[in-house]
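Just add 64 to the spot in the sequence shown (first one is 1) and you have our numbering.
Beta carbons are placed, not taken as given, at the ideal position from N, Cα and C, and that holds for glycine.
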Amino acid sequence: MFGLDDEQVLNYNSMMQGAVGALTTVMFLVYAFTDYSKWVSERLNCLVAMVALLIFHLLTFSWPFLTGNLDCTKYVAGNGSTHGWDWCETLRPINFWVYYVGYALIFGIGLPCLNNSLQSLYSQILGKGRQGTMQGINQAAGCVSRILGPLLMSSTFSSFGPRATWLIEIGLISICLFIWCTVYRRLKPAGAVEIKERIMNLEHADRKIFRSDSIRTNISVIKDPSKVPVIP
65 MFGLDDEQVL
75 NYNSMMQGAV
85 GALTTVMFLV
95 YAFTDYSKWV
105 SERLNCLVAM
115 VALLIFHLLT
125 FSWPFLTGNL
135 DCTKYVAGNG
145 STHGWDWCET
155 LRPINFWVYY
165 VGYALIFGIG
175 LPCLNNSLQS
185 LYSQILGKGR
195 QGTMQGINQA
205 AGCVSRILGP
215 LLMSSTFSSF
225 GPRATWLIEI
235 GLISICLFIW
245 CTVYRRLKPA
255 GAVEIKERIM
265 NLEHADRKIF
275 RSDSIRTNIS
285 VIKDPSKVPV
295 IP
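Structure below.
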């Protein structure tokens, strides 16, 4: 993607991962010693993190309209033969700083926020239910994805290049964002009662009846009690 040799890739990736580790540690300390989770809701935290991930992938995608070409002849296999990567000839290099700085920020700040908020929100939604069972299913699904993901992405990269892997990730993030936005208002802690006032006009009533979906129900005086409807 940048025309770097093996030594440069190793050095830059090492520095990038070091920055990710440092930022992740800072974020964990922020969660541990501040009221950050009270300032920003868990739902919004997850939403912002997913949007940031999507923007990162869009900014670092090798779009066909980008200028420049890569010298694909320098990329050789372990036995000394040139890799048969046909897609390399049409690949466009992306901005070096956008990728490495963006990666460090998104995966060092955004991903820890997403993981912490998602686990916390998931636990709150479950409430006093089957925490052990549902948390186990959640962790099992994550383990399966961590096993199958590298296998899928490595084979996809070898056959179709980084554009294909980026498109898969963009598609998955977009699907998650769509689902998240669809059920956003329903992502609330178990047992939370949403207070709503229902105003009903009853025949022969002195005034309107106000009913709150809470532990209290305020009912006005009614001339004919037999006309009071049964409110579930």
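Distance check for P253 and P157, CA to CA, integer angstroms please. 45 Å
Check whether the stretch 92-99 and the stretch 209-219 are in contact - that is, three or more C-beta pairs closer than 8 Å. no
Just to confirm my understanding: we take S181, look at its own chain, exclude 5 residues before and 5 after, and list those with CB closer than 7 Å. What are they? E106, N109, C110
Alpha carbon of M79 to alpha carbon of F66, nearest angstrom: 16 Å
Could you tell me whether the stretch 122-135 touches the stretch 202-212, where touching means 3 or more Cβ pairs closer than 8 Å? no
In whole angstroms, what separates the C-alpha of L74 from that of T154? 24 Å
Can you find the residues in the same chain that come closer than 7 Å, C-beta to C-beta, to A83, ignoring five residues on each side of it along the sequence? A168, G172
Round the Cβ separation of L117 and G166 to the nearest angstrom and send it over; I've been treating them as touching at under 8 Å. Incorrect: roughly 10 Å between the Cβ atoms, too far for contact.
Alpha carbon of R194 to alpha carbon of C136, nearest angstrom: 54 Å
Neighbour-count burial assignment, A96, 16 or more Cβ in a 10 Å radius: exposed
Between L134 and chain C, is there a C-beta pair that is closer than 8 Å? No chain C is present in this structure, which holds just one protein chain.
Distance, Cα to Cα, G132 vs N159? 11 Å
What's the gap between the Cα of N179 and the Cα of L236? 17 Å
One question on the structure: do Y297 and Y76 come within less than 8 Å of each other, judged by their Cβ atoms? Past the edges of the chain, shown from 65 to 296, lies residue 297, and the structure says nothing about it.
I243 classed as buried or exposed, judged by whether at least 16 other C-beta atoms fall within 10 angstroms: exposed
Determine the DSSP secondary structure at R210, reduced to helix, strand or coil. helix
6 Å CB neighbourhood of A228 in its chain, flanking five on each side removed: T220
Minimum C-alpha distance to Y358 - residue among Q72, V112, C207, L123: Outside the shown range of the chain, which is 65 to 296, sits residue 358, and nothing can be said about it.
Quick check on DSSP: helix, strand or coil for I201? helix
Could you give the first and the last residue of the continuous alpha helix (DSSP H) run that contains N75? 70-97
Is the separation between the beta-carbon of F224 and that of I170 shorter than 8 Å? no
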